[in-house]
Amino acid sequence: MLMDNKLFLAPIGDNPQKILDVGTGTGIWAIDIADEFPSAEVIGTDISAVQPSWVPPNCAFQIDDAQLNWTFQRETFDFVHIRQLYGGIDDWGKLYQQAFDHLKPGGWFENVEIDLETRSENPKIANDESHVFKQWCQLFWDAGDKIGRTFKIARDGQMEKLMHETGFVDVVHKEWKVPIGGWPQDPLLKRVGQYNGLFIDQSLDGFAVYPIGQILGWTMDEVMVLVAKMRAEFKNPKTLPYYVM
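If you read the sequence shown in my numbering, its first letter stands for residue 986, the second for the next number, and so on.
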């Protein structure tokens, strides 16, 4: 919705022939892009086989670890798409290099990641270093640092810097504020926030258990207390929470 209901922003033209979706997850993006470009061959890769079997005829899924050497021929794809792999990659430079190597000359690469820091439009909360929002993101950063899979890839211009170092040109960096909850006055942002708030409310437990519980060693009770604090803040109408994508 924040991208004007577009699946991507890269200017790939009207007739891409081969599209790769790395870390496709449920496969929803690959399926939608295959519907949008029925003459293109769309491949989605992931380490988990959770994709549906009923897909467009021009869409296929492969079990593959994007961190290993890719099995495709070099200079194969017109468009390589990656979204929300933060916390799952050991070497982002290698990932970008493989995307670069497997694009045709003139091909396009797009990566969308989230900055996990929950922020607030309320200055009192934004400036409170002891607030649970600060604690939450710091725990994720610590967990990522501990296992060598950063949650900070969307911070401090790292993605743009890595793309330039890899050899990409015409690099464009865009950011959006993504509200959590229906607090914005703008009708579009309010709707986005309502959907996003529901998603996060249903996902907080799952987000926290592995990085905070298993990696950092918190007990389940301790994790659930932290999750409850986060939920309470999201429901507080004075919090005005958002994150940056």
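Even for Gly, the Cβ is constructed at its ideal location relative to N, Cα and C.
Determine the contact status of residue i and residue j, defining contact as a CB-CB distance below 8 Å.
i     : j     : result
P1222 : W1161 : no
W1014 : L987  : no
V1027 : I1067 : no
I1197 : L1124 : yes
Y1180 : T1103 : no
Q1052 : D1076 : yes
F1219 : G1182 : yes
F1064 : I1004 : yes
Nearest chain C C-beta to residue i closer than 8 Å, yes or no?
i     : result
P1042 : This model lacks chain C altogether; it includes just one protein chain.
Applying the criterion that 16 or more other CB atoms from any shown protein chain within 10 Å of the CB defines a buried residue, is residue i buried or exposed?
i     : result
L1189 : buried
W1039 : exposed
S1105 : buried
E1150 : exposed
V1163 : buried
A1034 : exposed
F1046 : buried
P1226 : buried
E1114 : exposed
V1210 : exposed
Y1195 : exposed
On the DSSP bridge list, what partners appear for residue i?
i     : result
G1029 : D1006, F1046
D1100 : V1229
P951  : Outside the displayed span of the chain (986 to 1230) sits residue 951, for which this structure offers no information.
F1094 : V1065
S1105 : P1226
Start and end of the beta strand (DSSP E) containing residue i?
i     : result
P1172 : Here P1172 belongs to no beta strand (DSSP E); instead the alpha helix (DSSP H) covers 1172-1193.
H1066 : 1062-1068
Under DSSP, the alpha helix (DSSP H) around residue i begins and ends at which residues?
i     : result
E1218 : 1205-1220
M1148 : 1143-1151
D1020 : 1013-1021
F1085 : 1077-1086
Q1123 : 1117-1132
### Inter-stretch contact (C-beta, 8 Å, three-pair minimum) for the stretch 1057-1072 and the stretch 1132-1139
Cβ pair count under 8 Å is three or more, so yes.
### Query
Within the chosen definition, does the stretch 1034-1052 reach the stretch 1098-1112 through at least 3 CB pairs nearer than 8 Å?
Too few Cβ pairs lie closer than 8 Å, so no.
### Query
If you pair each beta-carbon of the stretch 1056-1064 with each one of the stretch 1076-1087, do three or more pairs fall below 8 Å?
By the C-beta criterion, the stretch 1056-1064 is judged to be in contact with the stretch 1076-1087, since at least 3 inter-stretch pairs fall below 8 Å.
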